[in-house]
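In what follows, a single structure is set out as structure tokens and then discussed.
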Amino acid sequence: MSLAETAETRKARLLALKQRKADRLISSTGVIKNRNFDPQSRTLKKRSAADDVEMEDTIEKNVQGLAEKIMAEDEGKREQELDIFNIAPKRPNWDLKRETDKKLAKLERRTQEAIHTLIRQRLAAQKGDSNDIFGAMEAQEQAQTEEDALSDED
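Take the sequence shown: its position 44, counted from the start at 1, is 44 in the UniProt record's numbering, and no numbers get skipped.
Take a look at the structure:
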């Protein structure tokens with residue numbers, strides 16, 4: 001084969017390859033449309049009058065009177081007299097009781113423990129049982145150490 005013949009066969013193969021590639025692009029994507037670009041003049045297309053048709057339902061039209069309506073309602077609320085009864089709390093001492101619930105829960109638990117130890121001590125003293133008195137005294141000492149530890153935390 002001569003050099004010219006190989007060049008001709010190569011050109012034919014390249015043209016066939018380009019044609020197959022172009023056919024594949026058109027078949028996969030369909031027809032390529034340039035909506036805003038004119039490939040012949042290499043410029044942007046001009047907008048037509050049909051493109052300028054306004055949409056009938058827009059956000060601007062929906063909220064057109066909304067700002068004035070809100071401002072009018074706000075002015076009406078400002079004009080109303082300030083009612084002191086609406087400001088006052090339902091219970092006069094709610095703020096005094098607000099933070100005491102947690103502290104009262106701790107104290108209630110400690111009170112119940114102290115009552116139980118006192119009852120055990122009295123029952124043990126009535127029976128005259130030394131083991132119960134000793135157990136009651138240990139419980140009292142343990143409660144006392146717990147109370148000291150909790151008071152240090154506060």
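Glycine residues also receive a C-beta, built at the ideal position from the N, C-alpha and C atoms.
Please read all numbers here as calculations on a predicted model, not as lab measurements.
Using three-state DSSP, classify THR111 as helix, strand or coil. Correct three-state label for THR111: helix.
Determine the extent of the alpha helix (DSSP H) in which GLY76 is found, giving its start and end residues. Per DSSP, GLY76 belongs to the alpha helix (DSSP H) from 66-79.
Expected contact under 8 Å - CB spacing of PHE37 and LYS45 to nearest Å: With 8 Å as the limit, PHE37 and LYS45 qualify as a contact, their Cβ atoms being about 7 Å apart.
What distance in whole Å lies between the Cβ atoms of GLU147 and ARG120, which are believed to be in contact at a cut-off of 8 Å? Not a contact, Cβ separation roughly 17 Å.
What first and last residue would you give for the alpha helix (DSSP H) that runs through GLU99? No alpha helix (DSSP H) holds GLU99; DSSP gives it neither H nor E.
Simplified DSSP state of THR6, which is helix, strand or coil: DSSP places THR6 within a helical segment (H, G or I) once states are collapsed to three.
Which residues does DSSP pair with ASP38 in a beta bridge? Looking at the DSSP assignment, ASP38 forms a beta bridge with THR43.
THR145 - DSSP class collapsed to helix/strand/coil: It is helical.
How long is the line joining the alpha carbons of ALA12 and GLN40, rounded to whole angstroms? C-alpha separation (whole angstroms): 28 Å.
For THR117, count neighbouring C-beta atoms within 10 Å of its own C-beta (all shown protein chains included) and say buried if the count is 16 or more, exposed if not. Buried.
Rounded separation between LEU104 and LEU150 - CA only: The C-alpha of LEU104 lies about 14 Å from the C-alpha of LEU150.
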